[in-house]
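With the UniProt record's numbering, the residue at position 6 of the sequence shown is 6, and numbering never jumps.
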Amino acid sequence: MQFLKVVCVNFIILQPAYLLRLYIEMEKKKILITGASKGLGLAISKKLSSEYELILHASKKESFTHIEPGSHILCADFADSQQLADFCKKLKKEHGDSLYGVINNAGLTYDKPLNFQPEREIDAMLNVNLRAPIMICKTAMKIFSLLNKGVIINISSVVGESGNAFQSVYAATKAGIVALSRSLAQEAAALNESHHIRVLSVSPGFIETDMTAGIPEQIKEKYLNLIPAKRFGNVDDVADTIAFLLSDKASYINGTNIHINGGLI
Ligand SMILES: NC(=O)c1ccc[n+]([C@@H]2O[C@H](COP(=O)([O-])OP(=O)(O)OC[C@H]3O[C@@H](n4cnc5c(N)ncnc54)[C@H](OP(=O)(O)O)[C@@H]3O)[C@@H](O)[C@H]2O)c1
């Protein structure tokens, strides 16, 4: 009898909590993060996983060493235009009814003087860093226009504004990302009556990831002297900013580029 009582009391107390949790889970907004296998993308996925339902992308499934539980996986090599087209189709088909946010983060760089840069590397940087975000933005804008809400955050770079020797093409793609984001924010406002669609870019400075791991020590030292914060950025510096920009607390931040660089000039 006592046992039955405990079971009944627990059921009455726990069921509403369970239902509430279930409701919150069902209400989670869906966010796509590209390049989520490592570096910034991985940190962003860890930061967002408790609040959002995630769609995680990498060039291939084997790239992932960690996947946040409950996440959807959608892979494509963005250097390959057919894979990118299939990715966008799948994104619309499988998540078009509920996509709320896009973090265009996947990117790569081949640092060398332009006159020695193979065309293959130029094409890869243009395709992965610029064409892919453009095509994903196109897909997302179709979805957001129907749902009348959504947020896109495109990852640019400090070098998109400052330029950087041996990164001409990379820097050009990152400058393009800022222009793309500003223009789309204006376009979203022009085409949609209620302004619940935001498009932004962020420009990280020097963040410690695989992308910067190969930079020679003396060059790192040179960068460090240019950073008033006197440290390199870490992945959470960027992930925290993204989490804020995605949230409703940032609902008045739109069509602009946010620098995350410790003051690097
Ligand atoms: N780290 C910095 O200091 C810094 C500064 C400014 C801006 N950024 C930008 O921040 C973003 C993330 O950089 P990160 O430092 O985190 O780089 P990372 O550690 O090298 O990670 C790059 C991510 O992009 C994906 N990716 C690379 N090539 C791809 C391709 N061909 N197709 C599809 N996905 C591809 C990778 O997936 P796979 O694992 O499958 O290859 C990986 O998930 C990039 O856009 C970068 O330009 C970084």
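No residue lacks a Cβ here, since even glycine has one placed at the ideal position from N, Cα and C.
Worksheet item: Roughly how many angstroms separate the alpha carbons of ILE73 and GLY263, rounded to a whole number?
Response: Looking at the two C-alpha atoms, the distance is approximately 35 angstroms.
Practice prompt. Go through its chain and collect everything with a Cβ distance to ASN257's Cβ below 6 angstroms, but skip five positions before and after it.
Written response: VAL178, SER201 and SER203, listed in sequence order.
Practice prompt. Provide the residue span of the alpha helix (DSSP H) that contains HIS95, from first to last.
Written response: Per DSSP, HIS95 belongs to the alpha helix (DSSP H) from 81-95.
Worksheet item: Taking buried to mean at least 16 other C-beta atoms within 10 Å of its own C-beta, is residue 266 buried or exposed?
Response: Only positions 1 to 265 of the chain appear in this structure, which leaves residue 266 out of reach.
Worksheet item: Within 7 angstroms: the Cβ of MET211 and any heavy atom of ligand 1?
Response: Yes, the beta carbon of MET211 sits closer than 7 angstroms to at least one heavy atom of ligand 1.
Worksheet item: Based on Cα-Cα distance, which residue from LEU180, ILE31 and TYR110 lies nearest to ASP210?
Response: TYR110 is the residue among LEU180, ILE31 and TYR110 whose C-alpha sits nearest the C-alpha of ASP210.
Worksheet item: How many angstroms separate the CA atom of GLY255 from the CA atom of ASN154?
Response: Taking the straight line joining both Cα atoms gives about 11 angstroms.
Practice prompt. Give a yes or no on whether the C-beta atoms belonging to VAL159 and ALA140 are separated by under 8 angstroms.
Written response: It is not a contact, given that the beta carbons lie outside the stated cut-off.
Item to complete: Can you give me the start and stop residues for the beta strand (DSSP E) that VAL151 sits inside?
Response: Its beta strand (DSSP E) spans residues 150-155.
Worksheet item: In terms of residue numbering, what span does the alpha helix (DSSP H) encompassing LEU264 cover?
Response: Neither: LEU264 is in no alpha helix (DSSP H) and is coded neither H nor E.
Practice prompt. Can you say whether GLU53 is buried or exposed, counting buried as having 16 or more other CB atoms within 10 angstroms of its CB?
Written response: Buried, since its Cβ has 16 or more Cβ neighbours within 10 Å.
Discussion item. Excluding the 5 residues flanking ILE134 on each side, which residues of the same chain have their C-beta closer than 8 angstroms to its C-beta?
Written reply: Same-chain partners within the cutoff: LEU180.
Worksheet item: Using the rule of at least 16 other Cβ atoms within 10 Å of the residue's Cβ for burial, across every protein chain shown, is ASP97 buried or exposed?
Response: Classification of ASP97: exposed, given that the 10 Å Cβ count is below 16.
Worksheet item: In or out: GLY101 buried (at least 16 other Cβ within 10 Å) or exposed?
Response: Under this definition GLY101 is a buried residue.
Fill in: Proximal residues to PRO113 (C-beta, below 7 angstroms), its chain only, five neighbours per side dropped
Around PRO113: PHE166.
Worksheet item: To which residues does DSSP link LEU200 through a beta bridge?
Response: ILE153, per the DSSP bridge assignment.
Worksheet entry | Where LEU246 sits in the DSSP three-state scheme | Helix, per DSSP.
Worksheet item: Where GLN117 and MET125 are concerned, what is the direct C-alpha to C-alpha distance, given to the nearest angstrom?
Response: Distance between GLN117 and MET125, taken at the CA atoms: about 11 angstroms.
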